[in-house]
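S.K.:
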Amino acid sequence: MKKLVIWLVILSVIGFFTSPIMAQGQKEDVVTLRMIAPWADKEFEGFRPVIEKFEAENPGIKIEYRTGKPEDVATILSTQFSVKKSPADIIDTAWPWYIVQEAEKGNLLPVDGAVNYADFREGSLDQLKVDGKLYGVTGIGGLTIPEFNASLYRENNLTDPRNVQSVEGIMDLMRKVQKLPNVKAAVGTGGGVGWTNTSVIETWILTFGGRKMYMDLLEGKIAWNSADVKQVLRSSLLPWLQEGFFGEPEEVSIVTENMWRKQYGFFVGGTTDSLRFNNPPGDYAVFLLPGQKDIVMWTDYWFIPAYTEHPEEAKKLLAFLATEGQSIQVKGGGRIATYTNVPLSNYPEQEQMIMGVVGKNGIVPDMDDTIGGKFQTVMWDQLKLLWSEPTDSTLNSVLDTIESAAKETLTSK
Amino acid sequence: MNRKLRIETLVFILPALLIIFFFMFLPMLESLNASFHANDGTGSFVGLKNYIGIFKDPAFINLKALLEGKQPFGAMINSLNWILIHLPLSMILGLICALIMIKLPKYKYLRSVIFLGMVIPGVITGVVTQFLFEKSSGMVSNFFGFLGVVSLYKSWFAHADTALLALIFTSVWVWTGYSMIVFLSALTTIPQSFIEAALLDGANSPQIFWFIKLPFLKSSMRTVVVMSIINELTSFDMVYSSTYGGPGGASNVLGLQMYLESFRYTRFGTGAAIATIMTVIAAIPIYINVRNTIRNRG
């Protein structure tokens, strides 16, 4: 019995070490590209046709898809890149700063020539360049904008928010919404890591501070704890928080569901609702705050690790995802293309309405996704504190902490 | 021990020793080495700079906030608070459950119910906890609402004064089962004759507990203390999946801060320094426990 056990152990060890060698001996007729992107469930169903179309047009390439959120993928990549390995040949991220960071370290493949700059929103690819070389492409995106269920206002004979012309008018409307039965709060608050609060503060800064203040904060030209920024937030955001317009945090998918159940007046979302909800026509609506002229657009990006074993095939897939892939993906709803050659007819009705809003207003990049690093994590965290204690002293300390993180992140670039 | 027996013993423990050496000891040395090198990727030796930087960072220790009594106190203080609140509560509750369970041998399924928290993954515990302490539908929040305690009728995770407490209470629930099982096994080893003799001498239940049962539980208590402290110091999954250290760092703990420094801010040197500090803190109760165990055997 003892000898049998010893032989079994020896054979297992031999088998363990020789199986990779035997696997490599098999000839590869088909190239398998490993892809990581954050979409699952219904969101993935909107992306699946993109994979199917690419595989149909490229019979020698198969795509192996894996779900991974940017923050989790970044954790895995930091350790894998350090040993010059990669878990995937093409990866999606919401963070352009991450692409720049890893490109500077030599971990990404340059992709110049993969796409035509003129086919993308102005400036959208510039942020992915390092030393003049392009290291990523833009994918689909969406708008950060107040979304609401129009039937809540219609059924309660309240003014549609799109028709309110003043800030005081919106606040009065929200006071009425708060008093409705079944309504938890005027504005839904997303819980989790905290990015939903950044959507609110970005929208408020754009509206009440203006595009220049927003872009100056993005580029580090103005401090978060400067008198101007404090005054804007003190006079515009604090009153909303202090009046209790923002509800207790709920998980993001739940807060949007509850908004559709008319438990919130609106939610500053990312225009992805139509992926998850079948809304009756006319019920899904978006509005700009009175005086708002610019809108934040969040975007997904694709990049190729330098350690891919199939660089040419990966570049081919990258080019497809950035162009025809977007044309296909927007048909599933909940997405706006950064590729400008996508016909309006490809968008479902709701997204055509959103494209109309895009056409009339300026677009700015998402602030925390663009700056990233420690700033992003600190901003997410500190805004949760401001939401829970909306006082002047908390605002001051939050802005001091955010400024410290912004300075550290921007000076390290 | 003769030579043949020594060789046989070594052969049997060698695989485990090799695994410990390559997958624990060497990485620990590497981490210690990294803690003395720069965060900027240059690999240059910086001495104690990372450690000094940690103690100056309010995210790690915020004495000003601690003196004002207002979160965030910093990850180090939060982790120590976690130990100070969690340890006695889980031990006392575990002991009470063990004393009750030993008198109810027919209700063994209750032990499984109490122990259930230990088999649920930490990430799931964090997600479930969010619902338990949520204002709209959480059992805990609504219980306090029913009692009229308005200050606790809220989403605990959304507020700096209650976020850490919510995590600690959940952790107590999880670890009570472990304490119960350890104490229960120790209680079953107490010779019945000791208790019978005490009863004959006129001892009452509290006296029997204090003078007979408690001394038998001392080594179990040491085990529970050591394991609890290690667990509380390395808490990460539950915090990550529920509060992510917020709001404003109010529920940040050493395990999460180490993760943030290493994998979010890519400051591996600082992350390694935090890991080293955690190891040193955890080593103290382990050393005391091992020393006492050896003394008692001697």
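Listed in order, the protein sequences are those of chains P and U.
Residue 392 in my numbering is what sits at position 288 of the first sequence, and the numbering runs on without skipping anything.
Residue 455 in my numbering is what sits at position 277 of the second sequence, and the numbering runs on without skipping anything.
Where a beta carbon is used, it is the ideal one built from N, C-alpha and C, also for glycine.
Could you check the C-alpha separation between P/F151 and U/F414 for me, to the nearest Å?
M.R.: Answer to the nearest angstrom: the Cα atoms are 33 Å apart.
S.K.: Using the three-state DSSP reduction, which class does P/G438 fall into: helix, strand or coil?
M.R.: Reduced to three states, the DSSP call for P/G438 is coil.
S.K.: Give the secondary structure of P/R380 by DSSP, where H, G and I count as helix, E and B as strand, and everything else as coil.
M.R.: If DSSP states are grouped into helix, strand and coil, P/R380 belongs with the helices.
S.K.: For a contact meaning CB atoms closer than 7 Å, what does U/K313 contact in chain P?
M.R.: Within 7 Å Cβ-Cβ: E352.
S.K.: Cα separation between U/P236 and U/F251?
M.R.: C-alpha separation (whole angstroms): 8 Å.
S.K.: When the Cα atoms are used, what is the spatial distance from P/A160 to P/G386?
M.R.: In a straight line, the C-alpha of P/A160 is about 37 Å away from that of P/G386.
S.K.: Locate the beta strand (DSSP E) running through P/L247, then write down its first and last residues.
M.R.: 241 to 253 is the extent of the beta strand (DSSP E) around P/L247.
S.K.: Strictly by DSSP, which residues pair up with U/G272?
M.R.: Answer by DSSP bridge pairing: none, since U/G272 is not bridged.
S.K.: If contact means a Cβ-Cβ distance below 7 Å, which residues of the stretch 477 to 490 of chain P contact chain U?
M.R.: Answer in chain order: G477, K478, T481, D485, Q486, K488, L489.
S.K.: Compute the distance between the beta-carbons of U/A428 and U/A336, then report whether it is under 8 Å.
M.R.: No. Outside cutoff.
S.K.: Nearest to P/T242 by alpha carbon, out of P/P343, P/A218, P/L341?
M.R.: Ranking the options by Cα distance to P/T242, first place goes to P/A218.
S.K.: Provide the residue(s) that pair with P/P469 in DSSP beta bridges, ordered along the chain.
M.R.: Its beta-bridge partners are P/M401.
S.K.: Report back the beta-carbon spacing between U/L392 and U/I280 to the nearest angstrom; my notes put them in contact at under 8 Å.
M.R.: About 14 Å; that fails the 8 Å criterion.
S.K.: Output, in sequence order along the chain, the residues in the stretch 427 to 455 of chain U whose CB is closer than 9 Å to any CB in chain P.
M.R.: The stretch 427 to 455 of chain U vs chain P, Cβ under 9 Å: G427, A428, N430, Y437, L438, S440, F441, R442, Y443, T444, R445, F446.
S.K.: Check the Cβ of U/A336 against every Cβ in chain P and list those closer than 9 Å, keeping chain order.
M.R.: The contacting residues are T293, G295, E352, P353, K488, W491, S492.
S.K.: What residues from chain P crowd round U/S333, counting only those whose CB sits closer than 7 Å?
M.R.: Per Cβ cutoff of 7 Å: E352, P353.
S.K.: For P/G369 versus P/V271, is the C-beta distance shorter than 8 Å?
M.R.: Not in contact: P/G369 and P/V271 (Cβ atoms no closer than 8 Å).
S.K.: Which partner residues of P/P588 appear in the DSSP bridge assignment?
M.R.: What the structure shows of chain P is the stretch from 105 to 517, and residue 588 of chain P is not part of that stretch, so it cannot be assessed.
S.K.: Closer than 9 Å, Cβ to Cβ, to anything on chain P: give me those residues from the stretch 400 to 431 of chain U, in chain order.
M.R.: Residues T421, Y422, G423, G424, P425, G426, G427, A428, N430.
S.K.: Starting from P/F350, follow the beta strand (DSSP E) in both directions and report where the run begins and ends.
M.R.: Looking at the DSSP string, P/F350 is not in any beta strand (DSSP E), and its letter there is neither H nor E.
S.K.: Candidates U/L330, U/M416, U/I255, U/I263: which alpha carbon is nearest U/T303's?
M.R.: Among U/L330, U/M416, U/I255, U/I263, the Cα nearest to that of U/T303 belongs to U/M416.
S.K.: Cα-Cα, which of P/T171, P/D398, P/N301, P/M459 is closest to P/E352?
M.R.: P/E352 has its Cα closest to that of P/N301, out of P/T171, P/D398, P/N301, P/M459.
S.K.: Could you work out which residues of chain U lie near P/T179, taking near to mean beta carbons separated by less than 9 Å?
M.R.: Those are Y437, S440, F441, R442, listed as they occur along chain U.
S.K.: Classify P/G460 as buried or exposed, calling it buried when 16 or more other Cβ atoms lie within 10 Å of its own Cβ.
M.R.: Answer is exposed; the Cβ neighbour count stays below 16.
S.K.: Could one say the Cβ of P/G164 lies closer than 8 Å to chain U's Cβ atoms, at least one of them?
M.R.: Not one chain U Cβ lies under 8 Å of P/G164.
S.K.: What's the C-alpha gap between P/A207 and P/D472?
M.R.: Distance between the alpha carbons of P/A207 and P/D472 is about 19 Å.
S.K.: Rounded to whole angstroms, what's the CA-CA distance from U/R473 to U/A376? Just pull it up for me.
M.R.: Cα-Cα distance, rounded: 28 Å.
S.K.: Enumerated in chain order, which unbroken segments of the beta strand (DSSP E) with a length of 3 residues or greater are wholly contained in the stretch 163 to 221 of chain P?
M.R.: DSSP runs (the beta strand (DSSP E)) wholly in the stretch 163 to 221 of chain P: 165 to 171, 194 to 197.
S.K.: With DSSP as the reference, please indicate the residues paired to P/Y443 in a beta bridge.
M.R.: Per DSSP, P/F224.
S.K.: Using a beta-carbon distance below 8 Å, is U/T471 in contact with chain P?
M.R.: False, the Cβ-Cβ gap to chain P never drops below 8 Å.
S.K.: For P/T179 and P/K173, I'd like the C-alpha separation in whole angstroms.
M.R.: Each residue's Cα considered, the two are about 10 Å apart.
S.K.: What first and last residue would you give for the alpha helix (DSSP H) that runs through U/Y483?
M.R.: Summary: the structure shown does not reach residue 483 of chain U, with chain U confined to residues 179 through 476, and so no result is reported for it.
S.K.: In chain U, what lies closer than 8 Å to P/K288 by C-beta?
M.R.: S314, listed in chain order.
S.K.: Could you tell me which whole beta strand (DSSP E) segments of length 3 or greater appear in the stretch 207 to 235 of chain U?
M.R.: As far as the stretch 207 to 235 of chain U is concerned, it has no whole beta strand (DSSP E) run of at least 3 residues.
S.K.: Does DSSP put U/F238 in a helix, in a strand, or in coil?
M.R.: Note: U/F238 maps to coil in three-state DSSP.
S.K.: Can you say whether P/Q130 is buried or exposed, counting buried as having 16 or more other CB atoms within 10 angstroms of its CB?
M.R.: Its pLDDT being 49, under 50, P/Q130 is placed unreliably by the model, and the measurement read from it follows with that caveat. Per the 10 Å Cβ criterion, exposed.
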